[in-house]
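>
Numbering (UniProt numbering), first residue to last: 1 to 333.
#1: Using the three-state DSSP reduction, which class does residue 168 fall into: helix, strand or coil?
#2: Under 6 Å Cβ to Cβ from residue 160, same chain only, skipping five residues before and after it: list those, please.
#3: For a quick check, are the C-beta atoms of residue 152 and residue 180 less than 8 Å apart?
#4: Considering only residues of the UniProt domain "FAD-binding FR-type" (92–199), which uninterrupted beta strand (DSSP E) runs meet the minimum length of 3 residues and lie entirely inside it, listed in chain order?
#5: Are the CB atoms of residue 129 and residue 337 within a distance shorter than 8 Å?
#6: Using DSSP's beta-bridge definition, name the partner residues of residue 231.
#7: Suppose contacts are defined by Cβ-Cβ distances below 8 Å. Is residue 95 in contact with residue 135 by that definition?
#8: DSSP three-state call for residue 327: helix, strand or coil?
#9: If we count the other Cβ atoms within 10 Å of its Cβ and call it buried at 16 or more, is residue 251 buried or exposed?
#10: Could you tell me the boundaries of the alpha helix (DSSP H) in which residue 286 lies?
#11: If we count the other Cβ atoms within 10 Å of its Cβ and call it buried at 16 or more, is residue 109 buried or exposed?
#12: For residue 209 and residue 333, what's the separation of their Cα atoms in angstroms?
#13: Suppose contacts are defined by Cβ-Cβ distances below 8 Å. Is residue 156 in contact with residue 214 by that definition?
#14: According to DSSP, simplified to helix, strand and coil, what is residue 254?
#15: So, are the CB atoms of residue 235 and residue 264 less than 8 Å apart?
#16: Compare the Cα-Cα distances from residue 83 to each of 198, 121 and 325 and report the closest residue.
#17: Could you compute how far the alpha carbon of residue 266 sits from the alpha carbon of residue 260?
#18: First and last residue of the beta strand (DSSP E) that includes residue 277?
#19: Can you find the residues in the same chain that come closer than 7 Å, C-beta to C-beta, to residue 317, ignoring five residues on each side of it along the sequence?
#20: What's the call for residue 204, buried or exposed, on a 16-neighbour Cβ count within 10 Å?
#21: In this structure, how does DSSP classify residue 366 when only helix, strand and coil are distinguished?
#22: Span of the alpha helix (DSSP H) holding residue 318?
#23: Taking DSSP as the reference, what is the three-state secondary structure of residue 226?
#24: Tell me which residue opens and which closes the beta strand (DSSP E) that residue 298 is part of.
#25: Which residues in the same chain as residue 149 place their Cβ atom closer than 6 Å to its Cβ, once the five residues preceding and following it in sequence are excluded?
#26: Count the other C-beta atoms from every protein chain shown that fall within 10 angstroms of the C-beta of residue 138, then say buried if there are 16 or more, exposed otherwise.
#27: Apply the 10 Å Cβ neighbour rule to residue 299 and answer buried if 16 or more other Cβ atoms are within range, or exposed otherwise.
#28: Measure the C-alpha to C-alpha separation of residue 325 and residue 200 and round it to an integer number of angstroms.
#29: So, at 6 Å on beta carbons, what are the nonlocal neighbours of residue 303 in its own chain, with the 5 sequence-adjacent residues on each side left out?
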């Protein structure tokens, strides 16, 4: 028995072209912060009017700078830099590292570069993540840079409103530090992944571990793994790394990328797929259970529940189990 063939090049080219047209039509500046305006007295005064005028001018002056800063991430070609566990520059103790650079790549996603010592590489195993701590809040993040980058590493962070860590990172002054650590619990399945077919199902910022894995698979000479990425996002403005994934798929015929949007406004420029990752989408693009296949899943809790069962439960449930996949074929990140 054999795997179902990937979609035709004509079909994939049409999908990628739709993505590029959507990017051109819908790129907007990030919406961050605002201007604090004092409440006006009951009777307007000249001073109050001048304050309002000054606040409006300040907001207008800030907007072009934000638009100029908004650029899709261009990671370059996939770069092999996989290392085994136990060699990371970070360990279980917290190490403060300075923020060296920041730029927005979408309206609510920011690319952060943190400094290491001169000549030092992160040496993080593939796949694995780091723990970041600021203001007493701890969250895991997977670098989107590889071990080939010396003197720093990069995180692609989805920014959420509120007092969470992502909001802190988005406003952190350049030069200020964030605590980082790396613990054995955060080491996942290791490259080489031992399957002829690899499926990556990602929701939202869950695409970042897939970028890490793709660097290793596509950047390693002699690797012939066929890879399918099913990336689910709310809207085109929310979608992370679409340009990077499409560019890699154009350069590597063994990579198929399908982006689907769940809340894209009707009538928008988006001509690609809409809706959640469901049985039809998986059956159409992912190698069947009887093939030599592994399925990576990373996303919000609802995605885990629907596709594979709770993230921390080693048992397989949900859609993938119903389609016939076994627990040892599915990796929950």
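Note that CB positions come from ideal geometry on N, CA and C, so glycine has one too.
On the basis of the data shown:
#1: Three-state result, residue 168: helix.
#2: So the qualifying residues of the chain are 166.
#3: no
#4: 95–106, 109–115, 130–134, 137–141, 152–158 and 177–181
#5: This structure leaves residue 337 out entirely; the chain is present only between 1 and 333.
#6: Beta-bridge pairing links residue 231 to 202 and 259.
#7: no
#8: helix
#9: Counting the other CB atoms within 10 Å of its CB gives residue 251 a total below 16, which places it among the exposed residues.
#10: No alpha helix (DSSP H) contains residue 286, which DSSP labels as neither H nor E.
#11: buried
#12: Cα to Cα, residue 209 sits roughly 8 Å from residue 333.
#13: It is not a contact, given that the beta carbons lie outside the stated cut-off.
#14: coil
#15: yes
#16: 121
#17: 14 Å
#18: Premise fails: residue 277 is in no beta strand (DSSP E) and is neither H nor E.
#19: 308 and 309
#20: Its Cβ being crowded by 16 or more others within 10 Å, residue 204 is buried.
#21: There is simply no residue 366 to check, as the chain begins at 1 and stops at 333 in what is shown.
#22: 318–322
#23: Strand at residue 226.
#24: 293–298
#25: So the list is empty, once near-sequence residues are dropped.
#26: exposed
#27: buried
#28: 14 Å
#29: 203
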